[in-house]
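K.L.:
Okay, handing you the structure first.
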Amino acid sequence: MGILTVRAPDSQQAMEEVLRRLGPDAYILSTSQRDGMIEIRAARDLPPPAPSSGQTFGDFLEARRRETTAERPALVAERIWMPPSPAKGLTPLPRGIDAMAQALLSAALADLPSRVVIVGPPGAGKTMLALRFAALFLEERPGCEPLIVAPRLGFEAPDARLRHWSRLVGLELTWPQLADLAPAPWPAPDPARPEIVDLSCAPDAGPALLADLLRGDSELILALPAGLSPRMAGRLAADFPGATLCLTRTDLWAPDAAEIGALAASGLSLGWESCGTGIVDVLRRIDRARLDEWAADWPEGSEPEKEERQ
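Below, the structure is given as structure tokens:
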């Protein structure tokens with residue numbers, strides 16, 4: 001295959017020369033500008049394709065894996081059983097569902113305060129929980145106007161789900177900067193205008209910020225996803241003394257005896273359960289009957305201490 005290189009003062013003259021010498025079926029290989037001239041490289045036929053090795057990217061990765069495995073065989077390390085060290089300074093876990101219920105459940109079912117402040121680890125479902133509390137306010141307090149407060153660290157917009165559901169249900173939504181919440185103490189909440197504060201941007205909210213928000217008829221809700229290890233559940237509960245627990249995602253993972261036992265030892269009360277999809281009829285108060293439903297699925301004779309060692 002011969003390649004024709006044409007240089008001309010402008011592209012039109014260069015193309016005319018290519019047409020004159022190679023005809024209208026010529027292939028333009030490249031066009032460039034060099035020394036003030038337009039340079040066109042053309043040919044009558046396309047260059048033949050480069051020979052293929054027949055190896056795909058997946059074949060290449062598989063070959064690399066085999067080479068690596070052959071060069072560095074897997075090491076086998078013996079695992080020696082070590083007895084668990086005795087815990088120091090920890091509250092003993094309650095034994096039995098009766099002791100757990102006595103430690104976790106209040107005498108009366110949880111009531112709706114005029115301000116709900118939601119905290120918890122990332123991924124606990126705090127934003128959906130805020131929407132569900134707002135829907136519950138509308139259901140149990142006809143005529144009230146719930147306000148969702150979703151502080152932000154910067155100037156980003158609030159969560160898309162929060163905006164969508166707020167518009168759909170007709171909720172008022174505000175998203176001040178987190179730094180603007182702390183300087184001035186918040187006034188006592190209005191029962192006719194209940195507030196739901198979603199602290200998703202501050203999973204480690206400190207006592208100073210919480211003290212400013214928890215004034216008057218206010219309550220701190222600690223959202224914990226079901227399925228946490230007992231050690232993690234106890235550690236998170238210890239970070240927010242005085243909070244009311246709300247277990248989320250219980251439709252995906254039912255809490256076991258070890259988890260409930262760790263929460264019972266935390267000294268916090270278990271008031272709410274949030275599960276399912278949507279925002280209506282998915283936030284429920286926890287009572288003894290619900291604990292018994294979970295306990296019915298626990299292994300026969302299961303105890304929190306045994307579950308934690310596994």
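In the UniProt record's numbering, the protein residues as written are 1 to 310. Where is the CB? At the ideal position from N, CA and C, for every residue including glycine.
1. Would you tell me roughly how many angstroms separate the C-alpha atoms of Gly143 and Leu136, rounded to the nearest one?
2. Can you give the Cα-Cα distance for Gly271 and Leu245, rounded to whole angstroms?
3. Looking only at DSSP bridge pairs, what is Cys246 linked to?
4. How many Å lie between Leu162 and Leu105 at the Cα?
5. According to DSSP, is Thr91 helix, strand or coil?
6. Is it true that the stretch 252-267 meets the stretch 117-137, where meeting means three or more beta-carbon pairs spaced less than 8 Å apart?
7. Cutting at 6 Å between CB atoms, please list the residues of its own chain near Leu46, excluding the five before and the five after it.
8. Which class does Glu156 belong to by DSSP, given the choice of helix, strand or coil?
9. For Ile279, write down the residues that DSSP places opposite it in a beta bridge.
10. Taking only runs of the alpha helix (DSSP H) that begin and end inside the stretch 122-201, which ones reach a length of at least 4 residues, in chain order?
11. Going by alpha carbons, who is nearest to Ala257 out of Thr250, Asp297 and Leu19?
12. Helix, strand or coil for Ala108, going by three-state DSSP, please let me know.
13. Going straight from the alpha carbon of Asp281 to that of Glu293, what length do you get?
14. Starting from the C-beta of Gly227, find all residues in its chain whose C-beta is less than 6 Å away, skip the five residues before and the five after it, and write them out in chain order.
15. Alpha carbon to alpha carbon, what distance is there between Thr5 and Ile38?
16. Does DSSP classify Leu29 as helix, strand or coil?
P.N.:
Per the coordinate set shown:
1. Numbered from 1 along the sequence shown, position 143 holds the residue referred to as residue 143. Numbered from 1 along the sequence shown, position 136 holds the residue referred to as residue 136. Cα to Cα, the separation comes out at about 12 Å.
2. Residue 271 sits at position 271 when you count from the first residue of the sequence shown. Residue 245 sits at position 245 when you count from the first residue of the sequence shown. When rounded, the distance between both Cα atoms is 6 Å.
3. Here residue 246 refers to the residue found at position 246 of the sequence shown. For Cys246, which the question treats as bridged, DSSP gives the partners Ala223 and Trp272.
4. The residue you call residue 162 lines up with position 162 of the sequence shown. The residue you call residue 105 lines up with position 105 of the sequence shown. If I take the Cα positions, the gap works out to 31 Å.
5. Taking the first residue of the sequence shown as position 1, residue 91 is located at position 91. Here the model assigns Thr91 a pLDDT of 45, short of 50, so the residue's position is not dependable, and the following value carries that caveat. If DSSP states are grouped into helix, strand and coil, Thr91 belongs with coil.
6. no
7. Here residue 46 is taken as the residue at index 46 of the sequence shown, counted from 1. The answer, listed in chain order, is Tyr27.
8. Along the sequence shown, read from residue 1 onward, the residue named residue 156 stands at position 156. Glu156 falls in the coil class under three-state DSSP.
9. Translated into the one-based positions of the sequence shown, residue 279 becomes position 279. In the DSSP output, where bridge partners are listed per residue, Ile279 has none listed.
10. 126-140 and 160-169
11. On the sequence shown, position 257 is the one that residue 257 refers to. Looking at the Cα atoms, Asp297 is the closest of the given residues.
12. In the sequence shown, residue 108 corresponds to position 108, counting from 1. Coil, per DSSP.
13. For this step, residue 281 is matched to residue 281 along the sequence shown. For this step, residue 293 is matched to residue 293 along the sequence shown. Using only the alpha carbons, I get a separation of about 19 Å.
14. Locating residue 227 in the sequence shown gives position 227, counting from the first residue. These residues qualify, in order along the chain: Trp253.
15. Counting from 1 along the sequence shown, the entry for residue 38 is found at position 38. Counting from 1 along the sequence shown, the entry for residue 5 is found at position 5. Ile38 and Thr5: Cα-Cα distance of roughly 10 Å.
16. As a first step, residue 29 is located in the sequence shown; it is residue number 29 there, counting from the start. Strand, per DSSP.
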